[in-house]
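Here is the structure we will look at.
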Amino acid sequence: MATAPAPQRNFFAQKAHRFLAALVFRDFRFLAVASLSSGSGAWALIVARGAWVYSIPELHGTWGLWVGLITFAAMSPRFFATPFIGYLADRMTRKILLQWVYALQLIQATIMAILVMVGVDNPWYVLMLAVVNGTLRATQQTAAQSLTPNLVPRERLPNAVALNEAMQQGSRAVGPAILLAVSASVGSSALFGATGTSFSLQNLVLTIGTSAIVFWACAAFYLVALASALSIRTVSSGVIDRNRSFWANTAAGFAYSYSTPLVFGIILMALAHCVLVMSFESMLPPLALEKLSPDGITFNENDVYALMSALGIGALFSSIFVGGIVSHMTRGRVFLLLGFTSSLTPIGLGLSAQTGISMIAAILMGLGTSGFMTITHTIIQSVVPDEIRGRVSAVYSMHVGGSMAFANLLYGRLADFWSAGNVMAIAGAAFTIVVVGTIIGSGFWRGIYFRGEARPVAAAASPAGGDN
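The sequence shown begins at 2 in our numbering and counts up one residue at a time.
Next comes the structure, spelled out in structure tokens:
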């Protein structure tokens, strides 16, 4: 008896099946929603805290320094706390770890909103909360990266890793865009109320405060993330040798990362990329002032939200596109193309003199930088065995997050004395030299770019481990 032919998909269904394939798995859908929501909250907090600093006249002259310090505080836990986080991600049940993290994130975001609502303008309180936020975010990212391969079959893993990264990177658009909408809405309601008409939204604005409403919106993102994480059913953990000490188990992650050439090479490239073209968060307020303010003097927090949203739009599309790449050869060539995109677009944004060009450059910069980082994540997660994935993910996060923390601190301070656009352009030029150097001087990187040699052979030879 003849077998019935498979139903033909239309064009859009074919593309959805290719680029969104991992979303057919229930638990991965909930993880994706949680990642998108928590990422939106994190990016929203980053831009909201920066805009809040620039709204305090007493800090004038040190605005860039304080934004750099607060951004450093939010990112530095990825360097200092990572060894403990990786150990937890392999020892604990990963979904339980995620649930606790989201609950604590909700609490810290609520505290931040309350402080702003009651009029506290001491940046030291914000800095301390940023440390808490950064520690929890580092834990969430490591746990989510470690859990992802347990939620989909191996053949869907590259797509799942890319989609999870798309949620993280695309949340740059979602979080700040919603803040922009909230800020614009409450601002217009206050103006409307000033004409003598009173209604509930205006009363809410007057009671809570415009800035506080923005931070309450950040807290709402974590509430959605917590609800999604509570719906995940898959139980998984890593494999910890209980006969060895904490330090010995942690050292295993570093030993694997540094002794596996592919993993070590990707970590070094990601580190250079993050230092030179991704550590722009502390420069967003002065950059928005330079590029989007009509007079270059009047600061508007909505310009910061708009600039971050533009970066996020490009990030979302490139991460999803990368998730649909199935050929190692194609992935390598796209990796190189995105490397050049990452390096050249900051030069364009930094030197642009028109608002429209600045926004287009920001979209393309988000496309290049996020797509590039998505491929590094995909390679790492595809290669590393499950039993040690949490610790290796933590090592990766330590290098990436630590480098971004220190770079943001430096760039934020430089922005107090020099044009943020010039700083960004010089950093972009430096990464262009790095990319060209890998092509000319490294057979290892030419193999990845042109022959697709970043293949997950190590993982295929390792036991799955860790699933219960």
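Positions of the beta carbon are idealized from the N, C-alpha and C atoms, including for glycine.
Remember, predicted model here, so these are calculated numbers, not experimental data.
Starting from the Cα of residue i, find the closest Cα among the options and give me that residue.
{"i": "M168", "options": "E156, L180, R155 and Q142", "result": "Q142"}
{"i": "W67", "options": "D122, I97 and L224", "result": "D122"}
{"i": "S310", "options": "I364, L352, P295 and F341", "result": "I364"}
{"i": "S280", "options": "R390, A408, G369 and A316", "result": "A408"}
{"i": "G391", "options": "L70, W64, I86 and R79", "result": "I86"}
{"i": "G254", "options": "Y103, A395, Q106 and G69", "result": "A395"}
{"i": "G438", "options": "A33, A252 and G340", "result": "G340"}
{"i": "D304", "options": "Y55, R27, M270 and G324", "result": "Y55"}
{"i": "P287", "options": "M76, A52, L21 and M93", "result": "A52"}
{"i": "L128", "options": "M118, V119, Q109 and A139", "result": "Q109"}
{"i": "I233", "options": "R334, G315, A289 and R95", "result": "R95"}
{"i": "I381", "options": "S398, V435, G325 and M113", "result": "S398"}
{"i": "I268", "options": "V48, W446, L70 and V335", "result": "W446"}
{"i": "G357", "options": "D91, F322 and L293", "result": "L293"}
{"i": "G474", "options": "Y259, F373, T299 and F265", "result": "In the structure as shown, the chain begins at 2 and stops at 469. Residue 474 is therefore absent and cannot be evaluated."}
{"i": "E388", "options": "F336, T251 and Y306", "result": "T251"}
{"i": "M93", "options": "A74, V236, G62 and L21", "result": "V236"}
{"i": "V133", "options": "T149, P78, D91 and V384", "result": "P78"}
{"i": "T375", "options": "A431, I326 and T63", "result": "I326"}
{"i": "P58", "options": "T299, A230 and F247", "result": "T299"}
{"i": "G65", "options": "T433, T370 and F418", "result": "F418"}
{"i": "T261", "options": "V384, I440, M270 and I47", "result": "V384"}
{"i": "A144", "options": "G120, T83 and A114", "result": "T83"}
What is the DSSP secondary structure of residue i, reduced to helix, strand or coil?
{"i": "V54", "result": "helix"}
{"i": "S371", "result": "helix"}
{"i": "S404", "result": "helix"}
{"i": "S554", "result": "This structure does not reach residue 554, given that the chain is present from 2 up to 469, and the question cannot be answered."}
{"i": "S344", "result": "helix"}
{"i": "S383", "result": "helix"}
{"i": "S443", "result": "coil"}
{"i": "S280", "result": "coil"}
{"i": "S39", "result": "helix"}
{"i": "G453", "result": "coil"}
{"i": "S184", "result": "helix"}
{"i": "S172", "result": "helix"}
{"i": "S237", "result": "strand"}
{"i": "V305", "result": "helix"}
{"i": "L224", "result": "helix"}
{"i": "T299", "result": "coil"}
{"i": "I326", "result": "coil"}
{"i": "P154", "result": "coil"}
{"i": "Q355", "result": "coil"}
{"i": "F418", "result": "coil"}
{"i": "F318", "result": "helix"}
{"i": "L293", "result": "coil"}
Assuming residue i contacts residue j under a Cβ cut-off of 8 Å, what Cβ separation, rounded to an integer in Å, is found between them?
{"i": "V278", "j": "S343", "result": "5 Å"}
{"i": "Q170", "j": "S320", "result": "5 Å"}
{"i": "A228", "j": "T111", "result": "The pair is not a contact, with the Cβ atoms about 15 Å apart (cut-off 8 Å)."}
{"i": "E291", "j": "S420", "result": "7 Å"}
{"i": "L89", "j": "T140", "result": "7 Å"}
{"i": "A213", "j": "V117", "result": "5 Å"}
{"i": "A35", "j": "A226", "result": "4 Å"}
{"i": "T72", "j": "E282", "result": "5 Å"}
{"i": "L231", "j": "Q100", "result": "6 Å"}
{"i": "L317", "j": "A174", "result": "6 Å"}
Quick one: residues in its chain with C-beta nearer than 8 Å to the C-beta of residue i, no 5 flanking neighbours on either side, listed in chain order?
{"i": "A218", "result": "A45, I179, L180 and V183"}
{"i": "S328", "result": "G453"}
{"i": "V477", "result": "The displayed coordinates of the chain run from 2 to 469. Any statement about residue 477 would go beyond what the structure contains."}
{"i": "A307", "result": "P177, L181, A289, L293 and M360"}
Looking only at its own chain, which residues have a Cβ that is under 7 Å from the Cβ of residue i, when we skip the five neighbours before and after it?
{"i": "A23", "result": "F29, V153, R157, N160, A161 and L164"}
{"i": "A362", "result": "T346, G349, L350 and S353"}
{"i": "S404", "result": "L272, C275 and V276"}
{"i": "M76", "result": "G135, G402, M405, A406 and N409"}
{"i": "V215", "result": "A49, L180, V183 and S184"}
{"i": "M366", "result": "L312, G315, T346, P347 and L350"}
{"i": "V436", "result": "G340, F341 and S344"}
{"i": "F26", "result": "L152 and V153"}
Apart from the five residues just before and just after residue i, which ones in its own chain have a Cβ nearer than 6 Å to its Cβ?
{"i": "L338", "result": "none"}
{"i": "S172", "result": "L37, G40, S41 and W44"}
{"i": "L137", "result": "V102, L105 and Q106"}
{"i": "H378", "result": "V162 and E166"}
{"i": "G333", "result": "I449, Y450 and G453"}
{"i": "A74", "result": "L128, A131 and V132"}
{"i": "F222", "result": "S38, S41 and G42"}
{"i": "F31", "result": "S229, S232 and I233"}
{"i": "A431", "result": "L277"}
{"i": "A426", "result": "I348, G351 and L352"}
{"i": "F336", "result": "I376"}
Measuring only between beta-carbons, confirm whether residue i sits less than 8 Å from chain D.
{"i": "M284", "result": "The chain labelled as chain D is not found in the depicted structure, where only one protein chain is given."}
Please find out if some non-hydrogen atom of the ligand SAH comes closer than 7 Å to the beta-carbon of residue i.
{"i": "N409", "result": "Ligands displayed in this structure: none; no statement on the ligand SAH is therefore possible."}
Return the chain-ordered ranges of every beta strand (DSSP E) run that is complete within the stretch 52–128 and spans a minimum of 3 residues.
Complete beta strand (DSSP E) runs here, min 3: none at all.
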